[in-house]
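In the numbering used here, the protein residues as written are 26 to 293.
Glycine residues also receive a C-beta, built at the ideal position from the N, C-alpha and C atoms.
Remember, predicted model here, so these are calculated numbers, not experimental data.
Encoded as structure tokens, the structure appears first; notes follow it.
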Amino acid sequence: MNEQTDTNPLFTAVVLAGDRGPQDPVALATGASCKALSPVAGRPMIVRVLAALSQSAQVGKIVLSGPARPHLEQSPPLLQGIDADQWAWLAPAATPSTSAYAALQTVPKQVPVLLTTADHALLRHEIVDHFCRSARRKSCDLAVAFVAHEQVTSAFPGMRRTASRFRDGGFCGCNLFAFMTPEARTAADFWCRVEHQRKHPWRMIRILGWRPLIGYLMRRLTLEATLEMLGRRLGIRICPILLPYPEAAVDVDKVSDHKAVERILETL
26 MNEQTDTNPL
36 FTAVVLAGDR
46 GPQDPVALAT
56 GASCKALSPV
66 AGRPMIVRVL
76 AALSQSAQVG
86 KIVLSGPARP
96 HLEQSPPLLQ
106 GIDADQWAWL
116 APAATPSTSA
126 YAALQTVPKQ
136 VPVLLTTADH
146 ALLRHEIVDH
156 FCRSARRKSC
166 DLAVAFVAHE
176 QVTSAFPGMR
186 RTASRFRDGG
196 FCGCNLFAFM
206 TPEARTAADF
216 WCRVEHQRKH
226 PWRMIRILGW
236 RPLIGYLMRR
246 LTLEATLEML
256 GRRLGIRICP
266 ILLPYPEAAV
276 DVDKVSDHKA
286 VERILETL
């Protein structure tokens, strides 16, 4: 296990591995009991994520939020790792946001938390180390990873990735979040509130505020300015971390993503 100091504690990594139900298209296509256990190039996705985190010089403890216990029984490597204290396990909550919130409550407040997801099949320890070191250098409470959309399309022609458009360009999220301070954990509570209101647009606007929403829709704001404005509303400092790794923006959300990731791994 990596060593830590009082002034520079290692990150505790939280991996969200909850299940979307028996009809998840990726699980159905791969014959897995849940998406997190879907094999990618012969290895379950979640095992690939755990390997990247375990090899990172920035990560100490690893906490799994899911899969649900019945799915764990289908994966001896996961059970063996839990029994050997390689990682801790929590039952997933009803939604990703509530799972994240519950997992954060188990980590001492002085310890920074790296949050990611089990479908981050192309994650490598170099990506984790780069993001965590960059987050430590920033003066912020919450750091969020992005890759420029043009980098993704250049590296993987034909792959469709969702991009958020700002005045300074399009950016793809990377499912990597660094909670650097106790104050940052209010963002998990905010995520819960927004998620619960996602079917009620006017309530969401009341939570988010008109100004950042209008600024984003009209592309008046840069990515950094948008996060700064959102942070002020939450009472924390949020900063973007731009990664030089286009694969960091690729997760396995659809069957087409699964096929694309396997093609990418064949070239590495």
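What three-state label does DSSP hand residue 148 in the structure shown? The answer is coil: DSSP assigns residue 148 none of H, G, I, E or B.
Who are residue 209's beta bridge partners in DSSP? Answer by DSSP bridge pairing: none, since residue 209 is not bridged.
Euclidean distance between Cα positions of residue 105 and residue 111: 8 Å
What does a CB cutoff of less than 6 Å around residue 176 pick up in its chain, not counting 5 residues either side in sequence? Leaving aside the five residues that flank residue 176 on each side, the residues in its chain whose CB is nearer than 6 Å to its CB run, in chain order, 271.
The beta strand (DSSP E) with residue 265 in it runs from where to where? 263-267
Note down the Cα distance separating residue 78 from residue 48, rounded to an integer number of angstroms. 29 Å
Inside the segment 99-128 only - alpha helix (DSSP H) runs reaching at least 4 residues: 101-108
Report the residue from 58, 165, 189 whose alpha carbon sits nearest the alpha carbon of residue 263. 165
Taking C-alpha atoms, which residue in 74, 38, 286, 45 lies nearest to residue 183? Of the candidates 74, 38, 286, 45, 286 places its Cα closest to the Cα of residue 183.
Return helix, strand or coil for residue 277, following the three-state DSSP convention. Annotated three-state conformation of residue 277 is coil, per DSSP.
Taking just the CA atoms, how far does residue 288 sit from residue 80? 24 Å
CB contact flag (residue 248, residue 191, <7 Å): yes
Give the C-beta separation of residue 167 and residue 205 to the nearest angstrom, bearing in mind that I take them to be a contact with Cβ-Cβ under 8 Å. In this structure, residue 167 and residue 205 form a Cβ contact; the two beta carbons are roughly 7 Å apart against a cut-off of 8 Å.
Rounded straight-line distance, which links the Cα of residue 215 to that of residue 222: Any reading at residue 222 must be qualified, since the residue scores a pLDDT of 45, below 50, and its modelled position is unreliable; no value is offered.
Per DSSP, what kind of secondary structure is residue 136 in: helix, strand or coil? If DSSP states are grouped into helix, strand and coil, residue 136 belongs with coil.
Considering only the beta carbon of each residue, do residue 100 and residue 41 sit closer than 7 Å? In this structure, residue 100 sits away from residue 41, with a CB-CB distance that is not shorter than 7 Å.
Do the CB positions of residue 143 and residue 74 come within less than 7 Å of each other? yes
Hey, could you find the ends of the alpha helix (DSSP H) residue 94 is sitting in? For residue 94, the uninterrupted alpha helix (DSSP H) segment begins and ends at 94-97.
Round the Cβ separation of residue 276 and residue 145 to the nearest angstrom and send it over; I've been treating them as touching at under 8 Å. 6 Å
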